[in-house]
Amino acid sequence: MTLTRLFSNHTLRALCATFAATLFAFTTTPVQAQGTRTITHELGATEIAGTPARIVVLEFSFVQALDSLGVTPVGITDDNQPDRIEQNLGKKIEYSSVGTRLEPNLELISALQPDLIIADERRHGAIYEQLSAIAPTIVLNSWDGSYKDIKEAVITIADAIGDKAKGEKVVANHEAKMAAIAAKIPAGNDRKFMLAVATADNWSLHTSDSFSGSIFAAIGVEAAIKADKPVESGVGLERLVAVNPDVLLVATDPGGTIFDRVQDNSAWKAIAAAKNNLVFEVNRNQYARFRDLRTAELIANDVLNKVFNVQ
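Plus 4 on top of the position in the sequence shown (first one is 1) and you've got this note's numbering.
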């Protein structure tokens, strides 16, 4: 074999390997990430090119959605409480705070040079144009979002970052877990469930239209309040007594709430949940603030384990 022929064979093999690697890379790159795509959201449609790499999110549920897709945002409105992000994800991540969910800091957001911003309709609809001037922005329903809204948001976010199929897989895996929990709920249950957020001075009662209420429906239990708005805010004990839930999940923050002051009240003791020892204090972050797929699984498992004593 001549040196010239040996060189040619090596060259041919190298060219074939290079071609194969190039072909593999091409076929495994998500189709959505190539070129420009249009993402439809709560406030219209946004054009996104390529695969966003510097993402800023303005709600906790969007942080968890990205995490489920293997993506870490560069900026988060963490309410200046980074421990909430660690609690949400169960781990620490590196990111820059861009203020609070209620008042995102536009200068800090702009300084991060994002290529995608994910905002909440209720909180950030009024600043949509300002956000869009910084980077392509999609607006989803988290604050007032139902369980269905949150699942759809995961798929929309996945589409926005160029991997819709992965988002669909994440949601499908989650739905399988929820179905397994629902299958363990005893048949014939007619108890009425409610999540009530206890603040320092009053209650916010979550209805069938809320995130928690729609999770109850997904696992086959009934919300105590049927309504077309998610929350009855700022109510007193008399309203809670009138609703008279059979099972009551009370979401609290550290530092004391109205829940601490009512437990010796005769009206409180007359509530069905209190009479039957079916009042459960839960963490407000996990039950009311995060509103994501992990939260849905937590609530469903808590209902199964704490209320029905099924592990």
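We treat Cβ as the ideally placed atom computed from N, Cα and C, and that holds for glycine. Predicted model only: the values in this text are computed from it and were never measured.
(message) At the level of alpha carbons, what is the spacing between ILE142 and PHE294?
(response) In the sequence shown, the residue the question calls residue 142 occupies position 138. In the sequence shown, the residue the question calls residue 294 occupies position 290. About 19 Å.
(message) Report the start-end ranges of each alpha helix (DSSP H) in the region 239-312 that is 4 residues or longer and not cut off at the edges.
(response) 241-247, 262-266, 270-273, 276-279 and 297-306
(request) Return the bridge partner residues of HIS128 from the DSSP annotation. (result) Translated into the one-based positions of the sequence shown, residue 128 becomes position 124. None, per the DSSP bridge assignment.
(request) For the beta strand (DSSP E) holding THR141, just list the boundary residues, first then last. (result) Working through the sequence shown from its first residue, we reach residue 141 at position 137. Counting along the chain, the beta strand (DSSP E) containing THR141 begins and ends at 141-144.
(request) Using DSSP bridges, identify the partner residues of ILE121. (result) Within the sequence shown, numbered from 1, the residue matching residue 121 stands at position 117. DSSP lists VAL60 and THR141 as partners of ILE121.
(message) Could you tell me the alpha carbon to alpha carbon distance between GLY39 and ASP119, rounded to whole angstroms?
(response) Working through the sequence shown from its first residue, we reach residue 39 at position 35. Working through the sequence shown from its first residue, we reach residue 119 at position 115. Distance between the alpha carbons of GLY39 and ASP119 is about 15 Å.
(request) Quick one: which unbroken alpha helix (DSSP H) runs of 4-plus residues sit fully inside the region 38-99? Chain order, please. (result) 64-72 and 86-93
(message) For GLU156 and ASN145, I'd like the C-alpha separation in whole angstroms.
(response) On the sequence shown, position 152 is the one that residue 156 refers to. On the sequence shown, position 141 is the one that residue 145 refers to. Each residue's alpha carbon lies about 10 Å from the other.
(message) For LEU110, report the span of its beta strand (DSSP E) as first-last.
(response) Taking the sequence shown and counting its residues from 1, the one referred to as residue 110 is at position 106. Looking at the DSSP string, LEU110 is not in any beta strand (DSSP E); the run it does join, the alpha helix (DSSP H), is 110-115.
(request) Measure the alpha-carbon distance for ILE159 versus VAL254 and round it to whole angstroms. (result) Indexing the sequence shown from 1 puts residue 159 at position 155. Indexing the sequence shown from 1 puts residue 254 at position 250. Going by the C-alpha atoms only, they are around 31 Å apart.
(request) Leaving out five residues on either side along the sequence, give the residues of the same chain with a beta carbon under 8 Å from the beta carbon of LEU116. (result) Position 112 of the sequence shown, counted from the start, is the residue given in the question as residue 116. Cβ within range, chain order: ARG58, VAL60, VAL78, GLY79, SER100 and VAL102.
(request) Put LEU209 into one of helix, strand or coil per three-state DSSP. (result) One-based indexing of the sequence shown puts residue 209 at position 205. The answer is strand: DSSP assigns LEU209 an E or B state.
(request) With a threshold of 16 other CB atoms inside 10 Å of the CB of GLU51, please say whether the residue is buried or exposed. (result) To locate residue 51, count along the sequence shown from 1; it is residue 47. Per the 10 Å Cβ criterion, exposed.
(request) Could you have a look at GLU179 and say whether DSSP puts it in helix, strand or coil? (result) Here residue 179 refers to the residue found at position 175 when the sequence shown is read from its first residue. Helix at GLU179.
(request) State yes or no: is the C-beta of ALA222 within less than 8 Å of the C-beta of TYR291? (result) Residue numbering aside, residue 222 sits at position 218 when the sequence shown is read from its first letter. Residue numbering aside, residue 291 sits at position 287 when the sequence shown is read from its first letter. Going by C-beta atoms, ALA222 is not nearer than 8 Å to TYR291.
(message) Do ALA304 and ILE219 count as a contact pair if the criterion is CB distance below 8 Å?
(response) Stepping through the sequence shown from its first residue, residue 219 is reached at position 215. Stepping through the sequence shown from its first residue, residue 304 is reached at position 300. Yes. Within cutoff.
(message) What residue range does the beta strand (DSSP E) around VAL201 cover?
(response) Here the question's residue 201 lines up with position 197 in the sequence shown. Residues 196-202.
(message) Between ASP124, VAL75 and THR44, which has its C-alpha nearest PHE64's C-alpha?
(response) Locating residue 64 in the sequence shown gives position 60, counting from the first residue. Closest by alpha carbon: ASP124.
(message) For LEU282 and VAL311, which I take to be in contact (beta-carbon distance under 8 Å), what is that distance rounded to the nearest angstrom?
(response) Translated into the one-based positions of the sequence shown, residue 282 becomes position 278. Translated into the one-based positions of the sequence shown, residue 311 becomes position 307. Right, their Cβ atoms sit about 7 Å apart.
(request) Could you please give me the residues that DSSP links to GLU236 through a beta bridge? (result) Translated into positions along the sequence shown, residue 236 becomes position 232. For GLU236, which the question treats as bridged, DSSP gives the partners LEU209.
(message) Among the candidates THR104, LEU110, GLY74 and PRO108, whose CA atom is the shortest distance from the CA of LEU316?
(response) Because residue 316 is not part of the residues shown, which for the chain are 5 to 315, the question remains open.
(request) Can you tell me which of the three DSSP states SER214 falls into? (result) For the purposes of this step, residue 214 is taken as the residue at position 210 of the sequence shown. Coil, per DSSP.
(message) Starting from ASP148, trace the alpha helix (DSSP H) in both directions and tell me its first and last residue.
(response) The residue you call residue 148 lines up with position 144 of the sequence shown. Unbroken run through ASP148: none, as it is neither H nor E.
(request) Give the straight-line distance between the Cα atoms of ARG331 and ARG105, rounded to the nearest whole angstrom. (result) Outside the shown range of the chain, which is 5 to 315, sits residue 331, and nothing can be said about it.
(request) Measure how close the beta-carbons of ILE138 and ASP296 come, nearest whole angstrom, since I'm counting them as under 8 Å. (result) Mapped onto the sequence shown, residue 138 falls at position 134. Mapped onto the sequence shown, residue 296 falls at position 292. Not quite, the Cβ-Cβ distance comes to about 25 Å (not below 8 Å), so this is no contact.
(message) At the level of alpha carbons, what is the spacing between ALA271 and ASN109?
(response) To locate residue 271, count along the sequence shown from 1; it is residue 267. To locate residue 109, count along the sequence shown from 1; it is residue 105. Spanning the two alpha carbons is a distance of roughly 44 Å.
(request) List the residues that DSSP assigns as beta-bridge partners of GLU226. (result) Translated into positions along the sequence shown, residue 226 becomes position 222. Note: GLU226 sits in a beta bridge opposite LYS196.
(request) Verify whether the separation of the beta carbon atoms of THR81 and LEU62 is less than 8 Å. (result) Stepping through the sequence shown from its first residue, residue 81 is reached at position 77. Stepping through the sequence shown from its first residue, residue 62 is reached at position 58. Yes, the pair counts as a contact, with Cβ atoms nearer than the cut-off.
(message) Pairs of beta-carbons, one from the region 200-208 and one from the region 237-248, closer than 8 Å: are there three or more?
(response) yes
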